[in-house]
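Below is one structure; the comments refer to it alone.
Residue numbers (this note's numbering): 1228 to 1408.
Written as structure tokens, this is what we have:
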């Protein structure tokens, strides 16, 4: 009898404010400013054995500020940026809806995380959600992951508001990547 495959660990990353500057409704390449430490951080997480996922709310799509294709183009740029560091994204999940639009995928819903866990045999208890907003952290908590608040993007404001529950807090993604195991 064959033993079942071992469940893998993952890091679920918010995009705006975590991987790139959050300039509000980022859909164009000229406004997509990837933090300079992201490649190194994601390469380190990859070498530690984590699969990498992005889970991002992009209401600018439904608002008509940019298209889903525009968003895919930005993610292609991001993937090219981190490839030289040995990192790649296993999957990218995009919720294109406004806060007021009924849906079951927009954060803080854990649906994308749970779907990834089922599809990729992930151990969510050994996985992390990294974000800068309370909705990112709530998604992680609901999915059973460890949660990391970053002080980039809206993170300092989120930390000051004291309405977010998280397991760890770090200055930026590279600090988090160095610390988590």
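No residue lacks a Cβ here, since even glycine has one placed at the ideal position from N, Cα and C.
Taking DSSP as the reference, what is the three-state secondary structure of residue i?
| i | result |
| --- | --- |
| residue 1321 | strand |
| residue 1388 | helix |
| residue 1404 | helix |
| residue 1369 | helix |
| residue 1279 | strand |
| residue 1243 | strand |
| residue 1236 | strand |
| residue 1358 | strand |
Smallest Cα separation from residue i: which of the options?
| i | options | result |
| --- | --- | --- |
| residue 1347 | 1332, 1316, 1251 | 1316 |
| residue 1286 | 1329, 1405, 1407, 1371 | 1329 |
| residue 1235 | 1304, 1243, 1352 | 1352 |
| residue 1344 | 1400, 1314, 1280, 1291 | 1280 |
| residue 1256 | 1266, 1264, 1304 | 1304 |
| residue 1324 | 1294, 1284, 1264 | 1284 |
| residue 1306 | 1335, 1342, 1332, 1267 | 1267 |
| residue 1263 | 1309, 1407, 1367, 1320 | 1309 |
| residue 1289 | 1334, 1359, 1252 | 1252 |
| residue 1338 | 1360, 1361, 1282, 1381 | 1282 |
| residue 1313 | 1367, 1269, 1331 | 1269 |
| residue 1371 | 1385, 1380, 1356, 1379 | 1356 |
With a threshold of 7 Å, establish whether the CB of residue i neighbours any heavy atom of the ligand HEM.
| i | result |
| --- | --- |
| residue 1249 | What this structure holds is no ligand at all, so the ligand HEM is not there to describe. |
Give me the Cα-Cα distance between residue i and residue j, rounded to the nearest whole angstrom.
| i | j | result |
| --- | --- | --- |
| residue 1326 | residue 1363 | 14 Å |
| residue 1292 | residue 1278 | 31 Å |
| residue 1259 | residue 1302 | 10 Å |
| residue 1383 | residue 1377 | 8 Å |
| residue 1299 | residue 1388 | 32 Å |
| residue 1400 | residue 1247 | 10 Å |
| residue 1254 | residue 1238 | 23 Å |
| residue 1342 | residue 1404 | 24 Å |
| residue 1336 | residue 1369 | 8 Å |
| residue 1365 | residue 1311 | 32 Å |
| residue 1402 | residue 1354 | 17 Å |
| residue 1374 | residue 1295 | 28 Å |
| residue 1408 | residue 1349 | 15 Å |
Which two residues bound the contiguous beta strand (DSSP E) that contains residue i?
| i | result |
| --- | --- |
| residue 1288 | Element bounds for residue 1288: not the beta strand (DSSP E) but the alpha helix (DSSP H), 1287–1290. |
| residue 1266 | Looking at the DSSP string, residue 1266 is not in any beta strand (DSSP E); the run it does join, the alpha helix (DSSP H), is 1265–1274. |
| residue 1396 | 1395–1397 |
**Request:** Could you say if the stretch 1273–1281 and the stretch 1385–1395 meet the contact criterion of at least three C-beta pairs nearer than 8 Å?
**Result:** no
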